[in-house]
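Trainee: Using the numbering used here, the first residue of the sequence shown is number -19, and each one after it goes up by one.
Idealized CB from N, CA, C, for every residue including glycine.
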Amino acid sequence: MKAPLEKLGLRIEYIQHSGFIVETDREFLVFDYYQGQVQLPSHKQITVFSSHVHPDHYNPEIFQWQTHYPNTHYILSSDIQGHPQLPPGQENLTFLSPYEEVHQHDLTIRTYGSTDAGVSFLVELGAKERLHLFHAGDLNWWHWRGEPEADILWAEKMFKEEIAKLKEERIDIAFFPVDPRLEQSSCLGAEYFIQEIHPQILVPMHFWDDYPSIGSFVEKMTASPTAILDIKQTNQCFAL
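#1: Quick one: is V10 buried, meaning 16 or more other Cβ sit within 10 Å of its Cβ, or exposed?
#2: Under 9 Å, do V198 and F156 count as touching if we go by C-beta distance?
#3: Just the C-alpha distance for P(-16) and P205, rounded to the nearest angstrom, thanks.
#4: From the DSSP output, which residues share a beta bridge with A203?
#5: Can you give me the Cβ contacts of K200 inside the same chain, cut-off strictly under 6 Å, excluding the 5 residues immediately before and after it?
#6: Over what stretch of residues does the beta strand (DSSP E) that includes Q84 continue unbroken?
#7: With DSSP collapsed to three states, give me the class of F187.
#8: Measuring alpha carbon to alpha carbon, tell me which residue in E171, G169, I26 and A207 is nearest Q180.
#9: Once DSSP output is grouped into helix, strand and coil, what is the label at T47?
#10: Report the partner residues of S193 according to the DSSP bridge assignment.
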């Protein structure tokens, strides 16, 4: 039986695919928005993250938000820099490559690598008890059935080397791919991440609206000390 979850004092909202909102009493974070409904607050600091330029993780529409919400800052992977649809004024844009750190309001943001493109994000937030969030972007164990054996072994090596760099980090909540296109290997990366990093909560993402696959993953991980959020629909909210 799992131990009761510690009360974390935040709200997570699933937007779509790898897009999420994380909201506290002072901060409003948006990760990897590419489509869906988002209601932005006027009274909180808004920080928008895009882990890489792939169109299922980045949509230039996010820059329209600052027109009505000037308290918006953008933390973007460096592969987005130079994109033709970036806004002309970039004072509130920060571009990061892997293994960099920046402080933004109450946030400490560190980037790690990816096994596909761009970066992954480790975010510390909270005025008192610091909470550590990890959004993997496209960091995953990409084990594609039918690929050459050398490619499969290389994908495993690159993934495990990147996870090893996170071993000394405390991660309370991890947003991590569980991609059904990988078929029987869809959970491989998430299970390894849980085994090595031990997050308190893992939030599945990058599952292409295949909600039954997430239900199956939750059921499979019943005995795990890490709680898995069972996402069933867009704009579903979790109070943690």
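Mentor: Checking against the coordinates, here is how it stands:
#1: Taking all protein chains in view, the Cβ of V10 is crowded by 16 or more other Cβ atoms within 10 Å, so the residue is classified as buried.
#2: no
#3: Annotation note: pLDDT 46 at P(-16) (below 50); position unreliable, no value reported.
#4: A203 is not bridged to any residue.
#5: For K200, there are no CB contacts under 6 Å within the same chain when 5 residues up- and downstream are skipped.
#6: It spans E81 to Q84 - the beta strand (DSSP E) in which Q84 sits, taken as one unbroken run.
#7: coil
#8: A207
#9: helix
#10: DSSP output for S193 lists no bridge partner at all.
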